[in-house]
Amino acid sequence: MASLTVRTPDGKVRTVSLLKRITSLGRGSDNDVPLEDTNVPPSALHVTFDGTRYEVGSLGATFHVNGKRRDNHALSTGDVVKVGATELTFSREDAPREPVRRELPEAGASFASPVAGSSDSHTSELPGVAGRELVLLKRLTAFSERLFGSYDVDRILESLLDEAIEVTRADKGFLILMDSGEPRMKAARNVARENIEDAVEKLSDSIIAKVVKDQKAIIVADALDTPEFKASESVVNLKVHSVMCVPVMHKGDLFGVLYVGNDRLVNRFEPKSLDMLTVFAAQASLLLQNAMLVNDLKLDNTELRRKLEDQRYGDIVGACPGMRDVYKRIDKIAPTDISVLITGETGTGKELIAREIHRRSPRTKGPFITVNCGAIPENLLESELFGHAKGAFTGAVATKPGKFQAAIGGTLFLDEIGEMPLQLQVKLLRALQEKVVYKVGENRGEPVDIRVVAATNKILEEEVKRNAFREDLYYRLNVVTVKLPPLRERGEDIVLLSQVFIKKYAREFNSKARGFTPAAAVSMKKYGWPGNIRELENRLKKAVVLADKPLLGPDDLDLKPENLEPIMPLIQAKEEFQKRYINEVLARNNGNRTKTAKDLGVDPRTIFRHLEKLEAEKTGRPLPPEENEELL
138 MASLTVRTPD
148 GKVRTVSLLK
158 RITSLGRGSD
168 NDVPLEDTNV
178 PPSALHVTFD
188 GTRYEVGSLG
198 ATFHVNGKRR
208 DNHALSTGDV
218 VKVGATELTF
228 SREDAPREPV
238 RRELPEAGAS
248 FASPVAGSSD
258 SHTSELPGVA
268 GRELVLLKRL
278 TAFSERLFGS
288 YDVDRILESL
298 LDEAIEVTRA
308 DKGFLILMDS
318 GEPRMKAARN
328 VARENIEDAV
338 EKLSDSIIAK
348 VVKDQKAIIV
358 ADALDTPEFK
368 ASESVVNLKV
378 HSVMCVPVMH
388 KGDLFGVLYV
398 GNDRLVNRFE
408 PKSLDMLTVF
418 AAQASLLLQN
428 AMLVNDLKLD
438 NTELRRKLED
448 QRYGDIVGAC
458 PGMRDVYKRI
468 DKIAPTDISV
478 LITGETGTGK
488 ELIAREIHRR
498 SPRTKGPFIT
508 VNCGAIPENL
518 LESELFGHAK
528 GAFTGAVATK
538 PGKFQAAIGG
548 TLFLDEIGEM
558 PLQLQVKLLR
568 ALQEKVVYKV
578 GENRGEPVDI
588 RVVAATNKIL
598 EEEVKRNAFR
608 EDLYYRLNVV
618 TVKLPPLRER
628 GEDIVLLSQV
638 FIKKYAREFN
648 SKARGFTPAA
658 AVSMKKYGWP
668 GNIRELENRL
678 KKAVVLADKP
688 LLGPDDLDLK
698 PENLEPIMPL
708 IQAKEEFQKR
718 YINEVLARNN
728 GNRTKTAKDL
738 GVDPRTIFRH
748 LEKLEAEKTG
758 RPLPPEENEE
768 LL
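Take any residue in the sequence shown, count from 1 to its spot, add 137: that is its number in my numbering.
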């Protein structure tokens, strides 16, 4: 178990255990480890555990490890982390040990007589390069090659034990794997290659406990005659005779135990058998880790598919409250033929929403036509929308229909409608009102049966006030508004979208990237994402292409602490939330100030004061004099 000894500036010392995958530290009371230090930010550090090592990283604070400034650091026992005026000393009682290294003498040398339970490392002769030893080594190699392509964990466990029994000439074999620090029986086989019933009852707890504790291989010629084990209840009851038990290690940590036994003293194990079983255990670890990694990935993919089924709306991924409101609105407006205005920041997925409205409408079998009003030069946009007659202008060598005609029977999506020139807005309004369009260079109108969905990242009400957008066109387009939340407000949707993009681009670019670290998940949620989903996708695409490890970290996504949104004072955060929330309720009530005040339970003067402040901020004029106003 790992822990931190916390020494605060006032001299108080306490020790906290690190029991979670991600442990947060900071001055705020909502942290897993609150720090009573005014020099420490509300959210300062996090300690992550990936199953092998502990790592400390910044959540916006500057910190030092053993006197050196760090952005992140893999912790070892005795490391002292200093943040503000607080010292954190790391300790790990179960720190990974070095795997047992046994020096094997050259072929032909004699070997020491084994003493069961002795703390001295056991040595034996190296299996020769001829006879039975060579045959066994060849079998081990062939066996490994045969199973490396298999990812069926149960089959691998059984095959491992069958081979171990045959290699060591044992009567039975057991494979125990560690589960949350406790040994758990995973497979048990006999010499007839059959599963053993009631396998737990046929094991010596004392022998396994010793291997788990010491993480060293042992051989017991006769447990009933060995001082260390003959008094053990399990040894006496089972009448255990010859036993070999070796640790299965992975990256220096105990992963499991391989146990083989003989029921007859005439079949006592020899030291050379322990050598073979030790080598076999090392190979077993590789095979099992490979298979379990693949199985974990399969489980991750299964879980991802389940989440996508639960949190997908058509082709749209996400289930935060803001997006659920969007889905409800789409369900109501899609079956109708009214015009829709989709608003939201750049990169929030407005075209995807427009396509979903079309797909759920009675026009779903008709075309979905897109026009980006901000990407086409003004002198070509009219022709692009309405078409042109032959000879209407230089280069018009043939009559060409426009996007309105192409969208007949379907949906026309006008993206970035706020960029359309005023002169063309008049003609668009006429087309929407009369449902008739005129090609450039023609006086004869053509009727069009289409539905129009528009989108913009601008606030069209302000554009109308600036005379940059026609008010009558605004009301014609804005029969119903669908407002998309920015990515920074979508919480867990960020993680789910990231998993979708990683899976997509890992397959496309044949990358080894499969997910991201806990620190990366924290950083993604804290970053502001000014480019929204488009920025998230581009960053993940780049990270997947350059990835040289399965899990992407914050650095892979260029999400270093200095790139994250700064932490604002609590008073300012409350003011920002209050401003945003009043605006949302005003929008929901279509600007009705009295109803908004009633819904929020405040005096109407609070709403008027709020609007005065907004107007002052937009125009740059000084704020009106403060009055006694009611706070939310």
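Where is the CB? At the ideal position from N, CA and C, for every residue including glycine.
When you compare each of the options to residue i by their alpha carbons, which one comes out closest?
i, options, result
"VAL577", "LYS537, SER498, GLU482 and LYS686", "LYS537"
"ARG151", "GLU407, SER476, LEU549 and PRO171", "PRO171"
"ALA418", "MET386, ARG405, SER410 and PRO408", "MET386"
"ALA471", "THR618, LYS564 and ASP342", "THR618"
"LYS662", "GLY652, GLU672 and LEU624", "LEU624"
"ILE467", "ARG492, THR507, CYS457 and GLY484", "ARG492"
"LYS487", "GLY511, LYS620 and LYS502", "LYS620"
"VAL637", "ALA753, GLU626 and PHE653", "PHE653"
"GLU515", "THR756, GLU556 and LEU489", "GLU556"
"LEU196", "HIS210, THR189, SER180 and ARG190", "SER180"
"LEU751", "VAL563, GLU713 and LYS735", "GLU713"
"PHE505", "ASP342, PRO458, THR214 and ASP586", "ASP586"
"ILE494", "ILE545, MET322 and ASP452", "ASP452"
"ASN509", "ASP474, GLN715, HIS525 and LEU549", "LEU549"
"ARG229", "HIS201, LYS219 and GLU192", "GLU192"
Under 8 Å by Cβ, that's how I've got residue i and residue j pegged, so tell me the actual separation to the nearest angstrom.
i, j, result
"LEU518", "LEU561", "6 Å"
"GLY221", "MET315", "Their Cβ separation, rounded to whole angstroms, is 38 Å, which puts GLY221 and MET315 out of contact at 8 Å."
"LYS309", "ILE333", "6 Å"
"VAL305", "ALA354", "Residue identity differs from the one stated: residue 305 is Thr in this sequence, not Val. Their Cβ separation, rounded to whole angstroms, is 12 Å, which puts THR305 and ALA354 out of contact at 8 Å."
"THR185", "ILE159", "5 Å"
"GLU672", "GLY484", "6 Å"
"SER498", "ARG627", "That belief does not hold up - the Cβ atoms of SER498 and ARG627 are roughly 25 Å apart, past 8 Å."
"LEU633", "VAL454", "6 Å"
Is it buried or exposed for residue i, if we count other Cβ within 10 angstroms and need 16 for buried?
i, result
"MET138", "exposed"
"LEU522", "buried"
"LYS347", "buried"
"PRO655", "buried"
"GLU240", "Caution is warranted here: a pLDDT of 36 is assigned to GLU240, below 50, making its placement in the model unreliable, and the coordinate value is therefore given only provisionally. By the 10 Å Cβ count, GLU240 comes out exposed."
"ILE708", "exposed"
"ASN168", "buried"
"VAL534", "exposed"
"LYS697", "exposed"
"GLY163", "buried"
"LYS149", "exposed"
"ASP552", "buried"
"THR223", "buried"
"SER154", "exposed"
"SER256", "Bear in mind that a pLDDT of 36 at SER256, under 50, signals an unreliable position, so the model cannot answer this."
"GLY102", "Nothing about residue 102 can be reported from this structure: the residues present for the chain run from 138 to 769 only."
"SER166", "exposed"
"ASN647", "exposed"
"PHE530", "exposed"
Classify residue i as helix, strand or coil using the three-state DSSP reduction.
i, result
"GLU672", "helix"
"LEU411", "helix"
"THR743", "helix"
"ALA324", "strand"
"PRO384", "strand"
"ASP390", "strand"
"THR731", "helix"
"GLY555", "helix"
"TYR718", "helix"
"ILE159", "strand"
"ARG607", "coil"
"ARG164", "coil"
"ASP257", "Annotation note: pLDDT 38 at ASP257 (below 50); position unreliable, no value reported."
"GLY148", "coil"
"PRO687", "coil"
"LYS219", "strand"
"PRO584", "strand"
"THR185", "strand"
"THR501", "coil"
"VAL348", "helix"
"LEU621", "coil"
"ASN209", "strand"
Between residue i and chain D, is there a C-beta pair that is closer than 8 Å?
i, result
"CYS457", "No chain D is present in this structure, which holds just one protein chain."
Taking one C-beta from the region 471-488 and one from the region 577-593 each time, how about it: are there three or more such pairs within less than 8 Å? yes
At least 3 beta-carbon pairs within less than 8 Å: the region 641-649 vs the region 668-688: yes
Does the count of Cβ pairs from the region 664-671 and the region 200-207 closer than 8 Å reach three? no
Using 8 Å as the Cβ pair cut-off and three pairs as the minimum, do the region 172-185 and the region 143-163 touch? yes
Across the region 455-466 and the region 578-587, are there enough close Cβ pairs to call them in contact, namely three or more that are closer than 8 Å? no
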